[in-house]
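Enquirer: The structure's right below; bear with me while I get my questions together.
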Amino acid sequence: MAGTLDGKTALVTGGGSGIGRSASLAYAREGARVVVADVNVEGGEETVLRIKEAGGDAILVHADVSKAEDTLAMVAQAVEAFGSLDCAFNNAGISGGRDRHLTADYLEEDWDRVIDINLKGVWLCMKAEIPQMLKQGGGAIVNTASIAGLVGLSGTVAYVAAKHGVAGITKATAMEYAKSGIRVNAVCPGYIQTPMVQSLFAVREGFEEQVSSRHPVGRLGEPSEIAEAVVWLSSDAASFVTGHNMPVDGGYVAQ
Ligand SMILES: NC(=O)c1ccc[n+]([C@@H]2O[C@H](COP(=O)([O-])OP(=O)(O)OC[C@H]3O[C@@H](n4cnc5c(N)ncnc54)[C@H](O)[C@@H]3O)[C@@H](O)[C@H]2O)c1
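Each residue of the sequence shown is one higher than the one before, starting from 12 at the first, in our numbering.
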């Protein structure tokens with residue numbers, strides 16, 4: 012059966028775990044060759060293996076998205092391996108930390124780390140990807156923001172700042188390249204069952220029940236439910252969609 016991304020190359024940052032792994036598998040299912048980029052080599056290798064076992068094609072690139080030289084090398088390796096870069100899912104990110112700190116108590120070093128990876132990292136990825144997409148005459152970028160990019164959450168000020176920033180740069184970049192055939196959108200997940208949030212549930216008693224109940228659907232999301240939105244936003248089926256920060260959140264921000 013024909014896939015919606017046959018013959019395309021898709022790059023996924025944070026492809027070694029959670030939402031990024033699920034999106035990598037979904038891109039491959041739709042016929043794309045996948046470049047899995049991560050600092051987590053073991054997780055990235057596992058994603059590549061799963062894609063190959065399912066009959067797809069993928070490579071692993073070690074890249075820290077907060078370093079410009081890594082993001083440039085990541086795009087160069089993608090083009091060297093597969094000849095193009097058509098879809099990019101800029102998804103790598105970290106949580107705001109296991110302990111919740113109110114704004115006045117938040118540590119400056121935590122602020123810098125979260126902003127460097129979750130916000131500057133997304134910009135550095137787009138900065139590296141866009142020249143290649145312009146050369147090819149277009150492309151589709153999807154960034155990972157969050158419900159924390161649309162509403163405030165307490166105890167995690169840097170994460171909220173970074174994700175609101177991702178929502179902002181998604182709109183700004185979409186405006187800049189709309190006439191060049193590059194669409195730029197973001198997904199805004201609610202709480203999703205991934206190692207990132209599971210590690211928070213492990214240390215905060217009652218937190219899982221508390222956040223589940225905050226979603227109108229009454230449950231957490233699965234990584235595959237985000238992956239399907241990412242694949243759609245990356246495909247020609249979304250050809251008139253750009254500059255959109257799409258909640259995929261069981262109704263969380265509709266309340
Ligand atoms: N899980 C959720 O509830 C949720 C909700 C909203 C948004 N998000 C966002 O989704 C994205 C993916 O999170 P997840 O839940 O799948 O988490 P995860 O921890 O399962 O996966 C994140 C991946 O990113 C990688 N990574 C971290 N820092 C990196 C860096 N500097 N360079 C390259 N790779 C790096 C990690 O190694 C890991 O493989 C993040 O941006 C996160 O903020 C998650």
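All C-beta atoms in this analysis are idealised placements derived from N, C-alpha and C, irrespective of residue type, glycine included.
Would you call the segment 134 to 148 in contact with the segment 75 to 92, where contact means no fewer than 3 C-beta pairs closer than 8 Å?
Expert: Output reads yes: the segment 75 to 92 touches the segment 134 to 148.
Enquirer: Give a single yes or no on whether Ser28 has its beta carbon closer than 6 Å to a heavy atom of ligand 1.
Expert: True, at least one ligand heavy atom lies under 6 Å from that Cβ.
Enquirer: Report all residues from its chain with a CB closer than 8 Å to the CB of Leu16; omit the five preceding and five following residues, and keep chain order.
Expert: Contacts found: Tyr38, Glu41, Gly42, Ala43, Asp97, Cys98, Val242, Ser245 and Ser246.
Enquirer: Hey, how far is the Cα of Asp49 from the Cα of His255?
Expert: When rounded, the distance between both Cα atoms is 25 Å.
Enquirer: Check whether the Cβ atoms of Ala69 and Val47 sit closer than 7 Å, and answer yes or no.
Expert: For Ala69 and Val47, yes; Cβs fall inside 7 Å.
Enquirer: Is the shortest distance between the beta-carbon of Lys190 and the beta-carbons of chain D less than 7 Å?
Expert: The chain labelled as chain D is not found in the depicted structure, where only one protein chain is given.
Enquirer: How far does the alpha helix (DSSP H) with Val214 in it extend, from its first residue to its last?
Expert: Element bounds for Val214: Pro206 to Val214.
Enquirer: Given a threshold of 16 other Cβ atoms within 10 Å of its Cβ, counted over all protein chains shown, does Ser271 qualify as buried or as exposed?
Expert: Here the chain covers residues 12 to 266 and nothing more, so residue 271 does not appear.
Enquirer: Taking 6 Å as the cut-off, is the C-beta of Tyr38 nearer than that to any heavy atom in ligand 1?
Expert: No, Cβ of Tyr38 sits at least 6 Å from all heavy atoms of ligand 1.
Enquirer: Specify whether the segment 184 to 195 and the segment 145 to 154 touch according to this definition: at least 3 beta carbon pairs, one from each stretch, less than 8 Å apart.
Expert: Output reads yes: the segment 145 to 154 touches the segment 184 to 195.
Enquirer: Within its chain, find whatever has a CB closer than 6 Å to the CB of Gly201; leave out the 5 residues flanking it on each side and keep chain order.
Expert: So the qualifying residues of the chain are Ile158, His226, Gly232, Asp260, Gly261 and Tyr263.
Enquirer: Quick check on Met186: buried or exposed, where buried means 16 or more other Cβ atoms within 10 Å of its Cβ?
Expert: That one is exposed.
Enquirer: Please classify Ala183 as buried or exposed, where buried requires at least 16 other C-beta atoms within 10 Å of its C-beta.
Expert: Exposed, since its Cβ has fewer than 16 Cβ neighbours within 10 Å.
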